[in-house]
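Sequence lines, in order, name chains V and W.
Reminder that position 216 of the first sequence reads as 216 in our numbering, one-by-one numbering, no gaps.
Counting from 1 along the second sequence, just add 298 to a position and that's the residue number in our numbering.
Think of the CB as a built atom: it goes at the ideal place given N, C-alpha and C, for glycine as much as any other residue.
To start, the structure under review is shown below, and the notes come after it.
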Amino acid sequence: MAATHDFIEPRVIARLKNLNLHARLPMLGSVTGLHRSPHRGSSLEFAEYRKYVPGDDTRRLDWRAYGRSDRFYIKEFEADTNLRLCLIVDTSGSMNYARGGISKLQFARQLAGTLAYLAAWQGDAIGLYCAGQTFQRQITPKRSAAHLRVILDSLASATATGETGLVAALHEAAERIRQRALVVVFSDLFVDPQELSSAFQHLRFRKHDVVVFHLLEQAEIQFDFDRPMRFVDLEGGPAVLADPSLVATEYRQAIEGYLRDLQTIVRDANVDYQRLDLEQHYGDVLAKFLLARMPKRR
Amino acid sequence: MAFLNPLWLLALPLIALPIVIHLLNQRRHRSISWGAMQFLLTAKRMNRGMARLKQILIMAARMAAIAGLIFAVSRPLSSGWVGSITGGQPESIIVLLDRSASMQQQQTTTGESKLKSGLAKIVAALQTMGYQRPLVLIESGQPTPLVLERPADLLDHPRTGPTESSADIPAMLQAALDYVVQNQTGRTDVWLLSDAAINDWSPDSSRWRGLQSSFAQREGLRFQILQYPEPPTQNLTITLDQVRRQVAPDNANAAELVLDLTVQGRSSNTTVPLAFNINGLRSVLNLELRGETTSLVGHRIPIDQELAAGWGSVQLPYDENESDNTAYFAFAPEPVRRTVIVTERPAHTRAIQLAAETAPTPGVEHEVQVLSPEQTGLIDWQSTALLVWQAPLPESDLARVMENFLTSGRSIVFLPPTEPSSSQFAGWRWGDWSEINRQGQAVRYWNSDEDLLARTRNGQPLPVNDLRFYQYAQLQSVDAGATETGAGETGAASTQDSEWPATTLAQLENNATLLQRCKTTGGTLYFLSTWPVGTHSSLDREGITLFVAIQRAIAQGIETVGNAKSLAAGSAPAQVVQELPQVLSAAADPWLGGRSQRAGVYGDASLWVALNRPAAEDRGQNMGRGEIESLLAGLDFQIVEDQVGSGRSLASEVWRLFILAMGLALIAEAALCLPPKAAPAAKAVNEPRRAAA
């Protein structure tokens, strides 16, 4: 497979190719893959012994154990399967925010595209949800090279406009993805925390492994403007004229409170939460993310 | 608030600079696309309370800092002279100085007097203003302008020291007005230092009207009045009513001095020691005080029989005002009390002759010389105490001689001539005779407070009410050209048009003038508009009033006739002491030019002159602030009331306070601008990390 979009950088792919994408939770796949399955299988990874019951395949009896204990045991091994990687990209207007560098949407494209590429490389199925008010796209997970191109093309053509439809998209993904999947969300999460909490709980209820890449620019946290500004709402709302010297303190208080709430929500929902700064390089972000997900050596 | 550099105040609009910058900043906004609008809207909602107040406080602190800076460089003065020095320094400053005896009231602990304290404060204020040009001094002793090179000269100039005389504030203001008019002084500040004593200000004087209108016509004149109206709390004054030498009643070969004196005022001591000094011999008498006025009458002190003339003093202990603690006196053989009566008809002045011949006090010789108008060349002007003139008013050379007679301290009583005459004297002339009726008229008003018809020493009024008058001659003012009799609604009508101020002392029921006084710089001129004969009045039958009045007129003149004279310090006759050696004085070495202002005894064996403060200085009545304001109504003035030893400066620079205020404002601004302490959670917010694994 070759990268054909500008948000896929071969240099980054080459760097990350040796790092597999792992799910934190067992996945239910259709073919053999790199991911742990809830079922026993035929991998080399020993799982456990269990007592023989009539009907079991006698080839799986552990005769050495019988010799030692005079009892019949079946030796079971982990099953390795593939996963469904479901990428949910927020395409609301606020994802167009950029201050000097790339926009949040572009950053999300780089992350999602590279993850999709890596997942396809390791044989996983890939799906895509674009969550915006005016741009809604759903691509169910499939694992084929052609499907990867569809995914990448969709990412490339995604535009950020209007209000966010993230919460609805999360609920819909929770309902539509039939089996366990790795759901990765790319968003600035400018939504009601309570609604977001509900959406995360819904996904977790459906046993999905949820990852959130929270895209925030430092200026959105620090609000370090030095003169009155006219703030034009990227999601189409009315513009607001504000003097940062008057409202900076209150702004920071508000966003700090929001982030504290968000921390609680992701902790309660056991969501893998990654807050990103747009000034970071996406390759570094993904490397760190993938390394953190590597299974521990036994 | 007063400022030394008021031009800087033009920069006061700069106080609005923070607001202008704020508004410009508001308009200088640029647009930015923003996603986190929900937090911005929340912040704006939260900002409506304390944050906005904080912003307003920051703005106010910045404005206060600028205001403090502008005020500081404007060199503000803290003083009671509010607004007095705004507009910069005046072109001229005239200092009017009340050096009267009452200005010597002092703090007993520090010895600082009102005069000294006020002078020091004026000098300090002028120096604070940076005024170093010459200034004009007009002081009460000699109201002639004196130019001083520097304000500091006020402190040690002989003409700014204490005196025991009175002040004539209207005369000083008139002198200031004359100076301003003659020298075209431009923008002038007139600083007046006084204790607001009524006798100094003479609020009833009609001169105020003229002064008020004259000053009001001058532009650029400002009056700064520094007054010390605080009355003394424990001060005693001593007044010698009479001193005479007599042969001891019980020993014809011994002599003694008999003194009548009065001690007035409040004191915590019920007994005060009186120190007598007679020709250098001292004795002490403990006087028990009873009430606010204690009189010692007929106190006899034995003296050397050979001592015919001499001098002395009576002194009270040190108190709040040293100038009224000593009474000086001189004594000499009583001169003959000589009265000259010039009359057309001796019968018409017979009662006056009898009154003048009768000696009220034993041992005092009275002599009367009756002359016709043609015999005036026989008058011995030097030895005459009183001249009674019943004839047409004198003119030309004789008039000038009589004016000199008056100004030398003697008295003249004019009675109407037999026939009306066109002759005039001192701006007055006799008109026609008016006949009333057989019942006659009584006196409607007479001045019982002072002069010839005043109450007796024990407060009893003279029996003026018993008098009847049947004929009188009209007294006419030459300038007015109209009959002055009946012109006044009240008996206190005064006329200032003539050379000497005239006051009506008694009026008949038809408002006709019965007795009028013209006060000269020395003696007194009286006009009595009737004759003491039965056809004209009952003055001869009810002779007590006439007797007392004539004796008082003689007593006024005799003061300047004898070899021992007792004069008021600062009065015109007191000028004689300038040529006499000093024997006793309130000042250790009084400046020769100001000697007549200082109490003391001057003279030699041939003439002793005792100078004492005028009796009016002992009245202790002060003008209210409102009264002074009414006198100066229409003028640009301000009054500051101060106290001796108050420590309050008239004008001290307070720019340091404004610098301090500016510093405080800047500190407050900085404190308000400080960002709030970062909460521990903020660190977590700013540093992304994995929240959950």
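Determine, for residue i, whether the minimum Cβ-Cβ distance to residues of chain V falls below 8 angstroms.
i	result
Arg-360 of chain W	no
Ala-969 of chain W	no
Ile-319 of chain W	no
Ala-966 of chain W	no
Ala-334 of chain W	yes
Gln-324 of chain W	yes
Val-380 of chain W	Summary for Val-380 of chain W: the model assigns pLDDT 41, below 50, so the residue's position carries little reliability, and this model does not support an answer.
Leu-972 of chain W	no
Leu-355 of chain W	no
Leu-339 of chain W	yes
Ala-349 of chain W	yes
Can you look up residue i in the DSSP assignment and give me helix, strand or coil?
i	result
Trp-731 of chain W	strand
Ser-503 of chain W	coil
Met-921 of chain W	coil
Tyr-52 of chain V	coil
Glu-45 of chain V	strand
Val-952 of chain W	coil
Gln-849 of chain W	helix
His-646 of chain W	helix
Val-285 of chain V	helix
His-22 of chain V	coil
Gly-589 of chain W	coil
Gly-237 of chain V	coil
Gly-428 of chain W	coil
Tyr-251 of chain V	helix
Measure the C-alpha to C-alpha separation of residue i and residue j and round it to an integer number of angstroms.
i	j	result
Met-357 of chain W	Arg-350 of chain W	11 angstroms
Asn-984 of chain W	Trp-306 of chain W	Interpretation of Asn-984 of chain W is limited by its pLDDT of 45, a score under 50 that renders its predicted location unreliable; the figure taken from the coordinates is listed afterwards. Distance between the alpha carbons of Asn-984 of chain W and Trp-306 of chain W: 50 angstroms.
Asn-623 of chain W	Val-640 of chain W	44 angstroms
Val-831 of chain W	Asn-702 of chain W	30 angstroms
Leu-803 of chain W	Leu-948 of chain W	45 angstroms
Lys-305 of chain V	Glu-9 of chain V	No information on residue 305 of chain V is available, as it lies outside the stretch 1 to 298 that chain V covers here.
Leu-559 of chain W	Ala-853 of chain W	18 angstroms
Arg-635 of chain W	Glu-663 of chain W	6 angstroms
Thr-716 of chain W	Leu-491 of chain W	53 angstroms
Leu-691 of chain W	Val-545 of chain W	43 angstroms
Val-185 of chain V	Tyr-251 of chain V	26 angstroms
Leu-234 of chain V	Leu-958 of chain W	50 angstroms
Check each candidate in the options and name the one with the smallest Cα separation from residue i.
i	options	result
Gly-918 of chain W	W:Ala-341, W:Pro-529, W:Gln-440 and W:Met-960	W:Pro-529
Gly-725 of chain W	W:Leu-773, W:Ser-709, W:Arg-507 and W:Arg-755	W:Leu-773
Tyr-73 of chain V	V:Asp-80, V:Gly-67 and V:Leu-61	V:Leu-61
Tyr-429 of chain W	W:Gly-416, W:Ala-866 and W:Ser-390	W:Ser-390
Val-1002 of chain W	W:Thr-592, W:Ile-576, W:Arg-580 and W:Leu-579	Residue 1002 of chain W is absent from the structure shown; chain W starts at 299 and stops at 991.
Glu-76 of chain V	V:Phe-46, V:Val-240 and V:Ser-187	V:Phe-46
Ala-116 of chain V	V:Leu-83, V:Arg-59 and V:Ile-265	V:Leu-83
Asp-268 of chain V	V:Ala-292, V:Leu-215 and V:Phe-200	V:Phe-200
Gln-525 of chain W	W:Asn-920, W:Gln-651 and W:Arg-954	W:Asn-920
Arg-698 of chain W	W:Arg-580, W:Phe-723, W:Gln-403 and W:Ser-670	W:Phe-723
Are any of the Cβ atoms in chain W nearer than 8 angstroms to that of residue i?
i	result
Pro-228 of chain V	yes
Tyr-97 of chain V	yes
Leu-234 of chain V	yes
Ala-254 of chain V	yes
Glu-220 of chain V	yes
Gly-283 of chain V	no
Phe-231 of chain V	yes
What does DSSP give as the partner residues of residue i in its beta bridges?
i	result
Val-488 of chain W	W:Ile-392 and W:Phe-521
Gln-880 of chain W	W:Tyr-900
Met-348 of chain W	Met-348 of chain W pairs with nothing; no bridge assigned.
Met-229 of chain V	V:Ala-242 and W:Arg-328
Gly-738 of chain W	Its beta-bridge partners do not exist; DSSP assigns none.
Asn-575 of chain W	W:Arg-580 and W:Ser-611
Lys-863 of chain W	W:Val-907
Taking 7 angstroms as the cut-off, is the beta-carbon of residue i closer than that to any non-hydrogen atom of the ligand GTP?
i	result
Gln-941 of chain W	Within the structure as shown, the ligand GTP is missing, as the structure has no ligands at all.
Which residues of the stretch 428-444 of chain W have a Cβ closer than 8 angstroms to any Cβ of chain A? Give them in chain order.
Note that chain A does not occur in the displayed structure, where the protein chains are V and W.
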